[in-house]
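Each remark here refers to the structure printed beneath this line.
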Amino acid sequence: MRRMAVAVATGVALALAACGPSGPAAVNEARIVAADREPGNWLTHGRTYSEDRFSPLTDINAENVSELGLAWTYEMRMPRGAEATPIVVDGVMYVTSAWSIVYALNAATGEELWVFDPEVPHERGASACCDVGNRGVTVWNGKVYVGTLDGRLIALNARDGAKVWEVVTVDQSRPYTITGAPRAARGLIYIGNGGAEFGVRGYVSAYDAETGELRWRFYTTPNPREVDNAASDSVRDTALATWNPTAGAWLESGGGGTAWDAIVYDHETDTLWIGVGNGSPWNRDIRSPNIEGRNNDNLFLSSVVGVDPDTGAYKCHYQETPGETWDYTATQPIILSTLQIGGQERRVLMHAPKNGFFYVIDRDNCGLISAGSIATQTWASGVDMSTGRPIENAEARYASGTAIVLPSPFGAHNWHPMSMSRDTGLVYIPVQELAQDYTADPAFVYRPGRWNTGTVHAALPTDRATRAAIRNSMQGFLLAWDPVNQREAWRVPLGTPWNGGTLATAGNLVFQGTLTGRFRAYNAQTGAQLWDYDNQAATMGGPITYSVDGVQYVASLASYGTLWFLPVGFGIADPPREPVNARVNVFRIGGTASLPTRELVRLPMERPPTLRVSQAVIARGSAAYGAFCGVCHGSGATSGGVLPDLRRAPSLQDASVWRDTVHGARAANGMPDFSQWVSASDAEAIRAYVASEAQVLYAEEQRAN
Numbered sequence: 165m166r167r168m169a170v171a172v173a174t175g176v177a178l179a180l181a182a183c184g185p186s187g188p189a190a191v192n193e194a195r196i197v198a199a200d201r202e203p204g205n206w207l208t209h210g211r212t213y214s215e216d217r218f219s220p221l222t223d224i225n226a227e228n229v230s231e232l233g234l235a236w237t238y239e240m241r242m243p244r245g246a247e248a249t250p251i252v253v254d255g256v257m258y259v260t261s262a263w264s265i266v267y268a269l270n271a272a273t274g275e276e277l278w279v280f281d282p283e284v285p286h287e288r289g290a291s292a293c294c295d296v297g298n299r300g301v302t303v304w305n306g307k308v309y310v311g312t313l314d315g316r317l318i319a320l321n322a323r324d325g326a327k328v329w330e331v332v333t334v335d336q337s338r339p340y341t342i343t344g345a346p347r348a349a350r351g352l353i354y355i356g357n358g359g360a361e362f363g364v365r366g367y368v369s370a371y372d373a374e375t376g377e378l379r380w381r382f383y384t385t386p387n388p389r390e391v392d393n394a395a396s397d398s399v400r401d402t403a404l405a406t407w408n409p410t411a412g413a414w415l416e417s418g419g420g421g422t423a424w425d426a427i428v429y430d431h432e433t434d435t436l437w438i439g440v441g442n443g444s445p446w447n448r449d450i451r452s453p454n455i456e457g458r459n460n461d462n463l464f465l466s467s468v469v470g471v472d473p474d475t476g477a478y479k480c481h482y483q484e485t486p487g488e489t490w491d492y493t494a495t496q497p498i499i500l501s502t503l504q505i506g507g508q509e510r511r512v513l514m515h516a517p518k519n520g521f522f523y524v525i526d527r528d529n530c531g532l533i534s535a536g537s538i539a540t541q542t543w544a545s546g547v548d549m550s551t552g553r554p555i556e557n558a559e560a561r562y563a564s565g566t567a568i569v570l571p572s573p574f575g576a577h578n579w580h581p582m583s584m585s586r587d588t589g590l591v592y593i594p595v596q597e598l599a600q601d602y603t604a605d606p607a608f609v610y611r612p613g614r615w616n617t618g619t620v621h622a623a624l625p626t627d628r629a630t631r632a633a634i635r636n637s638m639q640g641f642l643l644a645w646d647p648v649n650q651r652e653a654w655r656v657p658l659g660t661p662w663n664g665g666t667l668a669t670a671g672n673l674v675f676q677g678t679l680t681g682r683f684r685a686y687n688a689q690t691g692a693q694l695w696d697y698d699n700q701a702a703t704m705g706g707p708i709t710y711s712v713d714g715v716q717y718v719a720s721l722a723s724y725g726t727l728w729f730l731p732v733g734f735g736i737a738d739p740p741r742e743p744v745n746a747r748v749n750v751f752r753i754g755g756t757a758s759l760p761t762r763e764l765v766r767l768p769m770e771r772p773p774t775l776r777v778s779q780a781v782i783a784r785g786s787a788a789y790g791a792f793c794g795v796c797h798g799s800g801a802t803s804g805g806v807l808p809d810l811r812r813a814p815s816l817q818d819a820s821v822w823r824d825t826v827h828g829a830r831a832a833n834g835m836p837d838f839s840q841w842v843s844a845s846d847a848e849a850i851r852a853y854v855a856s857e858a859q860v861l862y863a864e865e866q867r868a869n
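Residue numbers 165 to 869, in the working numbering, belong to the letters of the sequence shown in order.
Printed below as a string of structure tokens:
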């Protein structure tokens, strides 16, 4: 009976779609609901509203995938991280690169049709915690919509890329950013934002797709000082009851809770699902000091929240990490499905957030159905099914000292999309395991617009063998997970963390890219590797498959960038030697194109200056570097190759140029002005520390030559 109902609904949707828009990007709700009837297109972020990233196409399959070759490649206009999931509608691909630039390409040939550059001021990059990437566009009724790094939502004419309307969705005087893809349904465009570490208050907004008029806004953290006149007002008091209303850094920072990625429309329950981010600052004892006897869960941090898609009215929520204090966001991709559980069909959402659990949640009431562990965890030993709360390890909250915790802030699973095969019933997840030390910051001072976590972390050891041991301890794998029985089906070790999103197909295939630049296909049932290609750069975003004129293609993005290439430079085995523009690489059976060869020659390193300073000064510089510089230029002054390696920087030779750079001389290029927090003396101490690291690197290179 259910299959018949679905078929009838799909038929109605197709009939409605036939009466809908025409021309480029002629997409409406009915067409997305009926997306399985046109598998050659990739109409929305996860292909369908379920966002399971499963394609019914079978021309590329487990038997012939070894014959896959490059069909075409397109060089984007910017380096830095390319994180987008392309959208393909009727033979046209819409995709984004760093700095929120939008491209329309012929999906069969890669021919450029148009490019739109929103001209984001590069100084805004200083407010981006995790690189200046963008995860893609949404299309609706002949328009292409993109959220920009500086907080705008822009509607473009899909035919020529001309701007139709633009709205500013954030207070641009605060360090808000947008990196996530908008979503479209009900004639509305939904968009969230990021910036929690820098001090903002999260929310999701809905705008009229035709006019750009704001229809509603739902704040994911409460305001203790005034009513917002927003859709979230009905649960304001409920949320406030879980915060300290009189003390804590959240009163200045806004509390965080930014919805920077997962926003999923559920047409079956008529719900918009929102994945909510971490607290600001991370450390709950600083963010919202405990009041004895008072709930301090800090709603709606690290929660999945369901709201009415037309009005934003609250429906229900499930908080995955109550009292979040480790940067355990719940913003990771959400998959909607119907599963046979306990002998009955259940409408569920599936979620693998940072905290290491895989959740199956009831879409009708937000009730927890099950939770399984997909990675090593030390913060909790499980989830109490009678309460729905994690069984916490109290010591992991680092209230009285340092705690080594898994997962780390990078998460057991981060933004890289997971997929689900409707044939195998398995979910394919990019999983990683690495630890992080957490220590409460005893000297915490809230710095608006700068990195605020309320934690301090041990400096990267100077010993190269120890660094190598740390790097080798960080692992990643492709996990096939059975969501009904909450157990592993198979896994493929990948050697490094931070590997790309996945795509499942009816050809019994799973596609995934890696940090090291491989793009691979696996047997969806067994995990056996069937195909491998050198994409020449890290392959992070969600791969897609589509067809044009009866030919099936598989597309992926390759670039150096994203968060991993900023603070974890020492973990990059072969960082890029110079800025490399991102690429769209597209494959087909029998493809014979090739990527251009690159002749990369690293110039000899200039001898670093020898600064006559004490070890105490170098230690002070190391601490200041860790607080202000390491998140972008790399722990241990070791760059991942995306931003300048300060050990090689010409300014290292000149104290005044170095100081002026730290104090804002290059703000227009995205280098923050630290003059408010870093004195001239501290800037020189940082230079001394970087110079000491540069001496070690210089000696290594001299020996190698």
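Even glycine gets a Cβ: it sits at the ideal position worked out from N, Cα and C.
Secondary structure of residue i, DSSP reduced to three states
| i | result |
| --- | --- |
| E509 | strand |
| S839 | coil |
| E231 | helix |
| L530 | In the sequence under discussion, the amino acid at residue 530 is Cys, which differs from the Leu named in the question. DSSP places C530 in coil when its eight states are reduced to three. |
| E247 | coil |
| E652 | strand |
| V734 | This sequence places Phe at residue 734; Val is not what is there. Of the three classes helix, strand and coil, the one that applies to F734 here is helix, per DSSP. |
| S711 | strand |
| C183 | In this prediction, C183 scores a pLDDT of 49, lower than 50, which makes its location untrustworthy; the coordinate-derived value is nonetheless stated afterwards. C183 falls in the coil class under three-state DSSP. |
| V364 | coil |
| V906 | This structure cannot speak to residue 906, because the chain is shown only from 165 to 869. |
| H431 | coil |
| D474 | coil |
| T375 | coil |
| Q600 | strand |
| N869 | coil |
| Y354 | strand |
| A852 | helix |
| S264 | helix |
| Y862 | helix |
| R389 | coil |
| L624 | coil |
Any chain B beta carbon closer than 9 Å to residue i
| i | result |
| --- | --- |
| L694 | This model lacks chain B altogether; it includes just one protein chain. |
Strand pairing of residue i, partner residues [DSSP]
| i | result |
| --- | --- |
| R684 | Q676, D696 |
| E556 | A544 |
| L269 | M257, E276 |
| E239 | R747 |
| Q639 | E597 |
| G443 | G420 |
| A348 | I353 |
| H577 | Answer is none; H577 lacks a bridge partner. |
| V252 | W206, M257 |
| L436 | Y429, V471 |
| S219 | T669 |
| R586 | Answer is none; R586 lacks a bridge partner. |
| I568 | D601 |
Selection from the options that minimises the alpha carbon distance to residue i
| i | options | result |
| --- | --- | --- |
| L234 | L759, T626, D548 | L759 |
| G376 | Q504, E330, G344, R448 | E330 |
| Q541 | A576, E559, Y523 | A576 |
| I593 | A668, G800, G681, D372 | A668 |
| R217 | D491, M582, V197 | M582 |
| V332 | I342, T630, L317, D324 | L317 |
| A567 | I538, D605, R553 | D605 |
| R586 | V256, S214, N833 | S214 |
| A787 | Y853, P731, A829 | Y853 |
Whole-number beta carbon distance between residue j and residue i, since they are thought to touch under 8 Å
| i | j | result |
| --- | --- | --- |
| Y258 | V301 | 5 Å |
| N121 | L673 | The structure shown does not extend to residue 121, since the chain is modelled only from 165 through 869, so no value can be given for it. |
| T435 | R347 | That belief does not hold up - the Cβ atoms of T435 and R347 are roughly 13 Å apart, past 8 Å. |
| V284 | T312 | 5 Å |
| N305 | A373 | 6 Å |
| T137 | A345 | No answer is possible for residue 137: it lies beyond the span of the chain, which begins at 165 and ends at 869. |
Problem set entry | Segments of 3+ residues assigned as beta strand (DSSP E) that fall wholly inside the stretch 285-338 | 302-304, 307-311, 316-321, 327-332
For this session: Return the chain-ordered ranges of every alpha helix (DSSP H) run that is complete within the stretch 760-828 and spans a minimum of 4 residues.
Result: 779-792, 794-797, 819-824
Exercise. Where are the alpha helix (DSSP H) runs, 4 residues long or more, that stay fully inside the stretch 449-473, in chain order?
Worked result: Within the stretch 449-473, no complete alpha helix (DSSP H) run reaches 4 residues.
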